[in-house]
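There are 2 protein chains.
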Amino acid sequence: MTENQIPDVVIARLPIYLLKLNQLLRDGQKVVSSAQLSEMIGIPATQIRKDLSWFGGFGKQGSGYDVIHLMDQLKNILNLDRIWQMVVVGAGNLGKAVVEYDGFRQKGFEISAVFDNEPDRIGSRVGHLVVQDVEDLESYIKEHQIYVAALTVPASAAPSVAEKLVKAGVRAILNYAPVRLLMPKNVEISNVDPVLSLQRMTFYLPRK
Amino acid sequence: MTENQIPDVVIARLPIYLLKLNQLLRDGQKVVSSAQLSEMIGIPATQIRKDLSWFGGFGKQGSGYDVIHLMDQLKNILNLDRIWQMVVVGAGNLGKAVVEYDGFRQKGFEISAVFDNEPDRIGSRVGHLVVQDVEDLESYIKEHQIYVAALTVPASAAPSVAEKLVKAGVRAILNYAPVRLLMPKNVEISNVDPVLSLQRMTFYLPRK
Chain Z
1 MTENQIPDVV
11 IARLPIYLLK
21 LNQLLRDGQK
31 VVSSAQLSEM
41 IGIPATQIRK
51 DLSWFGGFGK
61 QGSGYDVIHL
71 MDQLKNILNL
81 DRIWQMVVVG
91 AGNLGKAVVE
101 YDGFRQKGFE
111 ISAVFDNEPD
121 RIGSRVGHLV
131 VQDVEDLESY
141 IKEHQIYVAA
151 LTVPASAAPS
161 VAEKLVKAGV
171 RAILNYAPVR
181 LLMPKNVEIS
191 NVDPVLSLQR
201 MTFYLPRK
Chain C
1 MTENQIPDVV
11 IARLPIYLLK
21 LNQLLRDGQK
31 VVSSAQLSEM
41 IGIPATQIRK
51 DLSWFGGFGK
61 QGSGYDVIHL
71 MDQLKNILNL
81 DRIWQMVVVG
91 AGNLGKAVVE
101 YDGFRQKGFE
111 ISAVFDNEPD
121 RIGSRVGHLV
131 VQDVEDLESY
141 IKEHQIYVAA
151 LTVPASAAPS
161 VAEKLVKAGV
171 RAILNYAPVR
181 LLMPKNVEIS
191 NVDPVLSLQR
201 MTFYLPRK
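Going down the list, the sequences are from chains Z and C. Residue numbers are given in the working numbering: position 82 of the first sequence equals residue 82, and the series is strictly consecutive. Residue numbers are given in the working numbering: position 39 of the second sequence equals residue 39, and the series is strictly consecutive.
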C-alpha cells in the first residue's frame with residue numbers, strides 16, 4: 001500500500017465508513033453488506049466495494065463484511081490505532097468550544113494544549129487546560145512532537161499562525177478560520193466550512 | 001428538474017463547485033475547464049461534467065464554463081438566490097462562535113436570533129443579538145417563517161430541541177452536537193463532525 005496511488009477522495013470516505021460501522025457495532029450488528037452501508041451513507045455499493053478493494057479484500061462475495069474486523073482494518077489504514085496529541089491555537093469562543101467538545105478523545109485525538117496571544121486569555125482555564133502564550137507554541141510542538149493542530153484564530157491571523165505551526169513540525173491542520181490557507185505539499189489541511197453543509201440543504205427547501 | 005431524481009451526493013458537491021468558482025472569480029478568471037476544476041477539487045473531470053449535466057448544459061465541449069454564468073446557475077439550483085434567515089439554539093461557547101462567525105452572511109445565511117434555556121444567558125448579548133428564552137423558540141420560528149437552524153446545544157439536549165424545531169417548521173438543521181438525530185423524511189440534517197476531517201488527515205501522517 002503506497003499513499004501516492006490512492007485517490008484522496010477514497011481516503012476521505014474511509015472515516016465515514018468507520019463512523020457507520022461504529023453505529024452498527026453499538027446496535028449489536030456483527031456483519032454488514034456493502035448494500036446496507038450504501039443505504040446508510042448514500043454512496044453506491046459498487047463505490048464502497050471499489051474503495052475497500054484498494055486495501056485488499058475485507059469480505060467474501062455475498063457474505064458481507066465482519067464489522068469489527070473491518071473497523072480494525074480501517075483504523076489501521078487511517079493510522080488511527082494510536083492517540084494523536086493535538087494543539088488548539090486560538091482560545092476565543094470557538095477555541096473554547098473545540099477544547100470542550102467531547103467527541104475528539106474517543107475518536108483518537110487528545111487536545112494537549114491551547115494557545116492564544118491575548119494577555120487576558122493567557123493563564124486562564126479552558127476545560128481542563130490552561131491557556132498558554134502563543135510565543136511558546138513552536139517550542140511546545142517540537143518538544144512534544146505534535147503533528148496535529150486545530151486553528152481557531154481569526155481569519156486575519158490564520159496564515160501567519162499556520163506558517164508557525166508548519167515550521168515547528170505540524171503536518172495536519174484543522175482550519176476553522178474562514179480563509180483558504182496555502183500549505184506545502186507535505187502538510188494536510190481540512191477546512192471546517194459549515195456553509196457548504198447549509199448550501200446543500202437549501203436545495204431541498206421550498207422555493208420562493 | 002425534479003429533486004427526487006438527483007442523487008444527494010451530486011447535490012452535496014455543488015456547493016464545493018460554487019466555492020471554487022468564487023475563488024476563480026476573485027482571481028479574475030472568467031472561463032474554467034472541468035479539468036481545472038478537477039485539479040482544484042480532487043474529483044475527476046468526468047464526474048464534474050456528469051454532475052452538471054443533471055441540470056442541462058453549462059458549457060460547450062472544449063470551450064469551458066463561463067465562471068459567472070455557472071455560479072448564477074448553481075446558486076439558482078441550490079436555492080441560494082435569496083437570503084435565508086437562520087436561528088441558533090444554544091448560546092454557549094459554540095453558539096457564540098457560530099453567531100460571531102462572519103462567513104454565513106455573505107454566503108446567503110443571516111442569523112436572526114439566538115436562544116438558550118439558561119437564565120444567566122437569556123438577555124445577554126452575543127454579537128449583535130440578544131439571547132432569547134428557548135421557550136419562545138417555536139413562536140419565533142412560526143412568526144418569522146424560519147426554515148434553517150443551527151443546533152449548538154449539548155448532545156443530551158439535542159434530540160428534544162431538534163424535535164421542537166421541526167414541529168415549528170424548520171426544515172434544515174446544521175447539527176453541531178456530537179449525536180445522530182433521527183429526522184422525518186422532509187427535514188434535512190447536516191452533522192458538523194470535525195473528527196471525520198482529522199481522521200482523513202492522519203492517513204498521511206508518519207506511522208509509528
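Beta carbons are placed, not taken as given, at the ideal position from N, Cα and C, and that holds for glycine.
> For a contact meaning CB atoms closer than 8 Å, what does Phe115 (chain Z) contact in chain C?
Replying inline: Residues of chain C passing the Cβ test: none, with the nearest at roughly 17 Å.
> For Leu94 (chain Z), which residues of its own chain have a beta-carbon under 8 Å away from its beta-carbon, when the five flanking residues on both sides are left out?
Replying inline: The beta carbon of Leu94 (chain Z) sits closer than 8 Å to the beta carbons of Thr152 and Tyr176 from its chain, once the five residues preceding and following it are set aside; these are given in chain order.
> Applying the criterion that 16 or more other CB atoms from any shown protein chain within 10 Å of the CB defines a buried residue, is Gly123 (chain Z) buried or exposed?
Replying inline: exposed
>> Closest to Ala215 (chain Z) by C-alpha separation, out of Z:Lys142, Z:Asp133, Z:Leu181 and Z:Ala172, would be which residue?
In response: Lying outside 1 to 208, the shown extent of chain Z, residue 215 (chain Z) is not represented and no answer is given.
> Would Glu135 (chain Z) be called buried (16 or more neighbouring beta carbons within 10 Å of its own) or exposed?
Replying inline: exposed
>> Here's the rule I'm using: 16 or more other beta-carbon atoms within 10 Å means buried, otherwise exposed. How should Gly42 (chain Z) be labelled?
In response: Exposed, by the Cβ-count rule.
>> Just to make sure I have the definition right: I need the residues of chain Z whose C-beta is within less than 7 Å of the C-beta of Arg200 (chain C). Which are they?
In response: Ile11, Ala12, Pro15 and Ser190
>> 9 Å is my cut-off, CB to CB: does Glu143 (chain C) come that close to chain Z?
In response: no
> Going by other Cβ atoms of all chains shown within 10 Å of its Cβ, with 16 needed for buried, is Ser190 (chain Z) buried or exposed?
Replying inline: By the Cβ-count criterion, Ser190 (chain Z) is buried, with 16 or more other Cβ atoms from all chains shown falling within 10 Å of its own Cβ.
> Looking at C-alpha atoms only, which residue of C:Lys208, C:Arg200, C:Asp66 and C:Arg207 is the closest neighbour of Val9 (chain Z)?
Replying inline: C:Arg200
> Beta-carbon separation of Val87 (chain C) and Ala113 (chain C) under 9 Å?
Replying inline: yes
> Can a CB atom of chain C be found closer than 9 Å to the CB of Met71 (chain Z)?
Replying inline: With 9 Å as the cut-off, Met71 (chain Z) does not count as an interface residue toward chain C.
> Candidates C:Ala158, C:Gly92, C:Gly169 and C:Lys107: which alpha carbon is nearest Gln132 (chain C)'s?
Replying inline: The shortest C-alpha separation from Gln132 (chain C) is found at C:Gly92.
>> Measuring straight from C-alpha to C-alpha, what distance separates Leu205 (chain C) and Leu74 (chain Z)?
In response: 15 Å
> In or out: Gly108 (chain Z) buried (at least 16 other Cβ within 10 Å) or exposed?
Replying inline: buried
> Shortest alpha-carbon distance to Arg26 (chain Z) belongs to which of Z:Met71, Z:Arg49 and Z:Arg171?
Replying inline: Minimum Cα distance to Arg26 (chain Z) is reached at Z:Met71.
>> By the three-class DSSP mapping on this structure, what secondary structure does Met183 (chain C) have?
In response: coil
> Thinking just about the alpha-carbon of each residue, which of C:Gly90, C:Ala149 and C:Ile141 is nearest to the one in Pro119 (chain C)?
Replying inline: C:Gly90
> Between Thr2 (chain Z) and the rest of its own chain, which residues show a CB-CB distance below 6 Å, the 5 nearest in sequence each way excluded?
Replying inline: For Thr2 (chain Z), the predicted structure reports a pLDDT of 49, less than 50, and the residue's modelled location is therefore unreliable. The matter cannot be settled from this model.
> For a contact meaning CB atoms closer than 9 Å, what does Thr84 (chain C) contact in chain Z?
Replying inline: For clarity, residue 84 (chain C) is Trp in the given sequence; the question names Thr instead. What Trp84 (chain C) touches in chain Z: Leu198, Thr202 and Leu205.
> Leaving out the 5 sequence neighbours to the left and right, which residues in its chain are closer than 8 Å to Lys167 (chain Z) when beta-carbon positions are compared?
Replying inline: By the criterion of a C-beta distance shorter than 8 Å, Lys167 (chain Z) is surrounded in its chain by Glu138, once the five residues flanking it on both sides are discounted.
>> Could you tell me the alpha carbon to alpha carbon distance between Lys20 (chain Z) and Glu100 (chain C), rounded to whole angstroms?
In response: 32 Å
> Listing by chain order, which chain C residues have their CB less than 9 Å from the CB of Arg171 (chain Z)?
Replying inline: Met201, Tyr204, Leu205 and Pro206
> Among residues of its own chain, excluding the 5 on either side of Trp54 (chain Z), which ones have a beta-carbon nearer than 7 Å to its beta-carbon?
Replying inline: Ile6 and Val10
>> Can you look up Asn191 (chain C) in the DSSP assignment and give me helix, strand or coil?
In response: strand
> The alpha helix (DSSP H) spanning Ser139 (chain C) covers which residue range?
Replying inline: Leu137 to His144
>> At 4 residues or longer, what runs of the alpha helix (DSSP H) sit wholly inside the stretch 110-178 of chain C?
In response: 137-144 and 158-168
> Cα-Cα, which of C:Gln85, C:Leu24, C:Ile83 and C:Lys50 is closest to His69 (chain C)?
Replying inline: Out of C:Gln85, C:Leu24, C:Ile83 and C:Lys50, C:Leu24 has the C-alpha closest to the C-alpha of His69 (chain C).
> Among Z:Ser63, Z:Lys96, Z:Leu198 and Z:Gly56, which has the Cα closest to the Cα of Leu129 (chain Z)?
Replying inline: Z:Lys96
>> Contact criterion: CB-CB distance below 9 Å. Does Lys107 (chain Z) meet it with respect to chain C?
In response: Output row for Lys107 (chain Z): interface = yes.
> What whole-angstrom Cβ distance do Val192 (chain Z) and Pro194 (chain C) have, given they're in contact under 8 Å?
Replying inline: Indeed they touch by this definition, with Cβ atoms about 6 Å apart.
> Of all the CB atoms in chain C, is at least one closer than 9 Å to the CB of Asp193 (chain Z)?
Replying inline: Asp193 (chain Z) counts as touching chain C.
> Asp133 (chain Z) touches chain C at which residues, Cβ-Cβ below 9 Å?
Replying inline: By Cβ distance, chain C contributes nothing, its closest Cβ being about 21 Å from Asp133 (chain Z), past 9 Å.
> So, Gln85 (chain C) versus Tyr147 (chain C), is the Cβ gap smaller than 9 Å?
Replying inline: yes
> Going by beta carbon distance, what residues of the same chain come within less than 8 Å of Val31 (chain C), once the five residues before and after it are set aside?
Replying inline: Ser63, Gly64, Tyr65, Asp66 and Val67
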